[in-house]
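Student: This is the structure I have questions about; it appears just below.
Numbering (our numbering), first residue to last: 67 to 573.
This is how it looks when you write it as structure tokens:
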């Protein structure tokens, strides 16, 4: 009996590559340290937790450097069939860099927000939740089985609900958190149902094994397998804020603390899109005839609804600047979906999704920069209307120039060269896949977006109204502006730093 059990026990023993899992692990350890430290620090010393969290995120990002040499996998089956739950390949490292870099910039924005909040934010809980969400987001692109994928998705999402509603005594914040929670729970339930169907038909949760077995399911299980694929994709479409699953975005961004809105717009999208890429390109390539056309239709619908809604924002409406960024992020999600849809038609789908990652890196840098300026203006203009940006150049020339540059990058106009080239790579992916109609839809949407981005940029240089006093920029916001500005300028000067992913792929 023991002789028979010994091989089984040996198969269950797994070695752990601690270097491969170091970035999300360190982030989680720092989160626990911050939570414990909050119990012992007096209220006057609590701001130090913010700097500890920022340093922890920077250290976690630095741990990506030793992983650049070659791919590493851990938590693997040790039997005849090799399949792993965690893989640190190029795709993983690029998305982890985006996630940890976005979380680091969010932390820099949050330091000032918490200081200005006059004790409306529980600092220890805030930093613990932010780091916990970042740890889950960093884990997700490395997940290579459906169970780990869902666990990472929820670890990234659950703290985000609390962060949206963490502001004490704010009904708007609580309402935003509730809408975000209900939509996300629905997405998770749909995904879990789909994954259960996939497991029932394939007998495995590992993405590579699912890809092999789902092609050969019994005829009587074929409908169940198809339903599982569709439900899994619908669940991830919620996470990417694709239309018609986008309804939570504007109210959530307005109700959340501004740094958390920035976090959701970049890191939240990275989580959704990396999960979507893994389930389509890695797990369900044989169902490309199902998810390719579906994602193409979603891309067209998402970019159109997002850009038209952004175009309709009124300059004098409360929070119109944040709402415009929210609707703009929905429109940008449509562009990000295009290469994934194109992968369904391409001969090498893993190469096609490099365009999505290249575009996401550009979008992350400049969108976080735009939110940083919004956070700066929001310190003195609490309603954060577009009209509040009128004459910003006269009050703070450098900040106005940076915001104009970020907006031109998002629009795809010089000197925002990286925005232009990133859009060209997305167009190229669609053309190569034979999706001519989608390139036409995207071209129309780029023109629509040009109008509202340029309209906002023009406001910055008009004659200012009211108070023209220049206000001091806190050190943390200065650092965030410097980092995002430097990233945008560097990528515009050397766009090949990210565009090579579109040419060579990531897997």
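Positions of the beta carbon are idealized from the N, C-alpha and C atoms, including for glycine.
1) Residue 370 to residue 509, Cα distance in whole Å?
2) Do you know how far the Cα of residue 162 is from the Cα of residue 205?
3) Which residue's Cα is closest to the Cα of residue 242: 253, 228 and 255?
4) Let me make sure I understand the geometry here. Which of 134, 130 and 96 has the alpha-carbon closest to that of residue 117?
5) Since residue 399 and residue 501 should fall inside the 8 angstroms C-beta cutoff, what is the C-beta to C-beta distance between them, to a whole number of angstroms?
6) What number of angstroms, rounded off, separates the C-alpha of residue 240 from the C-alpha of residue 103?
7) Within 10 angstroms of its Cβ, does residue 270 collect 16 or more other Cβ (buried), or is it exposed?
8) Express the C-alpha separation of residue 514 and residue 474 in angstroms, rounding to a whole number.
9) Is it the case that the stretch 194 to 214 contacts the stretch 330 to 347, given that we only count it when at least three CB pairs across the two stretches are under 8 angstroms?
10) Locate the alpha helix (DSSP H) running through residue 41, then write down its first and last residues.
11) Of the residues 471, 462 and 409, which one's Cα is nearest the Cα of residue 492?
12) Classify residue 81 as helix, strand or coil using the three-state DSSP reduction.
13) Could you give the C-beta distance for residue 504 and residue 366, rounded to a whole number, given that I count them as a contact under 8 angstroms?
14) Helix, strand or coil for residue 141, going by three-state DSSP, please let me know.
15) In terms of alpha-carbon separation, which member of 540, 322 and 565 lies closest to residue 488?
16) To the nearest angstrom, report how far apart residue 70 and residue 142 are at their CA atoms.
17) State yes or no: is the C-beta of residue 405 within less than 8 angstroms of the C-beta of residue 351?
18) Counting beta carbon pairs with one atom in the stretch 124 to 132 and one in the stretch 381 to 393, are three or more of them shorter than 8 angstroms?
19) Report the rounded CA-to-CA distance for residue 481 versus residue 558, giving the unit in angstroms.
20) Would you kindly report the start and end of the unbroken alpha helix (DSSP H) that includes residue 158?
21) How would you call residue 108, buried or exposed, if buried means at least 16 neighbouring beta carbons within 10 angstroms?
22) Is it buried or exposed for residue 339, if we count other Cβ within 10 angstroms and need 16 for buried?
23) Need the endpoints of the alpha helix (DSSP H) that residue 422 sits in, please.
24) Express the C-alpha separation of residue 300 and residue 357 in angstroms, rounding to a whole number.
25) Leaving out five residues before and five after residue 81 in sequence, what residues of the same chain have Cβ atoms less than 6 angstroms from its Cβ?
26) Identify, in the order they occur along the chain, each residue of the same chain with its Cβ nearer than 6 angstroms to the Cβ of residue 379, setting aside the five sequence neighbours on each side.
27) Could you pull the start and end residues of the alpha helix (DSSP H) that residue 467 belongs to?
28) Applying the 10 Å Cβ sphere with the 16-neighbour rule, what's the burial state of residue 540?
29) Rounded to whole angstroms, what is the Cα-Cα separation between residue 550 and residue 246?
30) Looking only at its chain, what residues have a beta carbon closer than 7 angstroms to the beta carbon of residue 483, apart from the 5 residues adjacent to it on each side?
31) Just list the residues that DSSP pairs residue 152 with in beta bridges.
32) What three-state label does DSSP hand residue 272 in the structure shown?
33) Between residue 552 and residue 495, is the Cβ-Cβ spacing less than 8 angstroms?
34) Short check: CB of residue 426 to CB of residue 403, under 8 angstroms?
35) Would you identify the three-state DSSP class for residue 373, choosing helix, strand or coil?
36) Applying the 10 Å Cβ sphere with the 16-neighbour rule, what's the burial state of residue 454?
Tutor: Put simply:
1) In this structure, the CA atom of residue 370 is about 11 angstroms from the CA atom of residue 509.
2) Just so you know, the alpha carbons of residue 205 and residue 162 end up roughly 8 angstroms apart.
3) The shortest Cα separation from residue 242 among 253, 228 and 255 belongs to 228.
4) Looking at 134, 130 and 96, the one whose alpha-carbon comes closest to that of residue 117 is 96.
5) Wrong, their Cβ atoms sit about 17 angstroms apart, outside the cutoff.
6) Answer to the nearest angstrom: the Cα atoms are 27 angstroms apart.
7) By the neighbour-count rule (16 or more Cβ atoms within 10 Å), residue 270 is buried.
8) Counting only the Cα atoms, residue 514 lies some 13 angstroms from residue 474.
9) Touching, per the Cβ criterion.
10) The requested residue 41 does not occur in the structure, where the chain is confined to residues 67 to 573.
11) For the set 471, 462 and 409, the Cα lying nearest the Cα of residue 492 is the one of 409.
12) Coil.
13) Between residue 504 and residue 366, the beta carbon gap of about 6 angstroms places them in contact (Cβ cut-off 8 angstroms).
14) Assignment of residue 141 by DSSP, reduced to helix, strand and coil, places it in the strand class.
15) By alpha-carbon distance to residue 488, the top candidate from 540, 322 and 565 is 565.
16) Here the model assigns residue 70 a pLDDT of 46, short of 50, so the residue's position is not dependable, and the following value carries that caveat. In this model, residue 70 and residue 142 are separated by some 21 angstroms (Cα to Cα).
17) For residue 405 and residue 351, no; Cβs fall outside 8 angstroms.
18) Result no; under three Cβ-Cβ pairs closer than 8 angstroms.
19) Cα to Cα, the separation comes out at about 7 angstroms.
20) For residue 158, the uninterrupted alpha helix (DSSP H) run begins and ends at 156 to 182, by DSSP.
21) Counting C-beta atoms within 10 angstroms of its own C-beta, residue 108 has fewer than 16 neighbours from the protein chains shown and is therefore classed as exposed.
22) Label assigned to residue 339: buried.
23) Counting along the chain, the unbroken alpha helix (DSSP H) around residue 422 starts and ends at 420 to 444.
24) Using only the alpha carbons, I get a separation of about 10 angstroms.
25) Closer than 6 angstroms at the Cβ level, and outside the excluded window around residue 81, lies no residue.
26) The residues are 386, 389 and 390.
27) From DSSP, the alpha helix (DSSP H) with residue 467 extends over 463 to 477.
28) Counting Cβ neighbours within 10 Å, residue 540 comes out buried, since at least 16 surround it.
29) Going by the C-alpha atoms only, they are around 27 angstroms apart.
30) Taking residue 483 as the centre and dropping the five residues before and after it, the same chain places the C-beta of 558 and 561 closer than 7 angstroms to its C-beta, in chain order.
31) According to DSSP, which records beta bridges pairwise, residue 152 is partnered with 140 and 209.
32) Strand at residue 272.
33) Their beta carbons are not under 8 angstroms apart, which means residue 552 does not touch residue 495 by this criterion.
34) Taking 8 angstroms as the cut-off, the beta carbon of residue 426 is found no closer than this to the beta carbon of residue 403.
35) Correct three-state label for residue 373: helix.
36) By the Cβ-count criterion, residue 454 is buried, with 16 or more other Cβ atoms from all chains shown falling within 10 Å of its own Cβ.
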